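Everything on this sheet refers to the single structure shown next.
Numbering (mature numbering (1 follows the signal peptide of the UniProt record, and there is no 0)), first residue to last: -21 to -1, 1 to 111.
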């Protein structure tokens, strides 16, 4: 088999190979978190965030329709009002809102934290087909 065919087979395999999402690295935010657009949805006390478009259990005016530029997606932690950090309304009827369990990024590192994605890669031996 020629080198081009082996490369083509390998590329086709990688394109069709399933990906696995690994554990996320701890997310963080810069400054006061107003630009945070991660997918974290847990408060400092472990409560789950209420969806921004939901009025249950807490009614509020911070909806995605009224604040389309604030990233109020799903139930993710956000800071639409320039508070001290990302926060959310909680799903606990007794606790209206809390700050999220996120840390402030170390600005001097300049690191962006993203979920890890693992793509399985076959060994080169598996790519060769022997012809007798």
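Ideal Cβ placement from N, Cα and C applies to all residues, glycine included.
Small disclaimer: the values here were computed from a predicted structure and weren't measured.
Contact between residue 29 and residue 54 holds: CB atoms are separated by about 6 Å, below the 8 Å threshold. Annotation: the continuous beta strand (DSSP E) that includes residue 78 extends over 76 to 78.
Per DSSP, residue 31 is not a residue of any beta strand (DSSP E), being assigned neither H nor E. Around the beta carbon of residue 22, a 10 Å sphere encloses 16 or more other beta carbons of the protein chains shown; the residue is thus reported as buried. Residue 36 sits away from residue 46, with the two beta carbons spaced by 8 Å or more.
For the pair residue 67 and residue 57, the Cα-to-Cα distance works out to about 7 Å.
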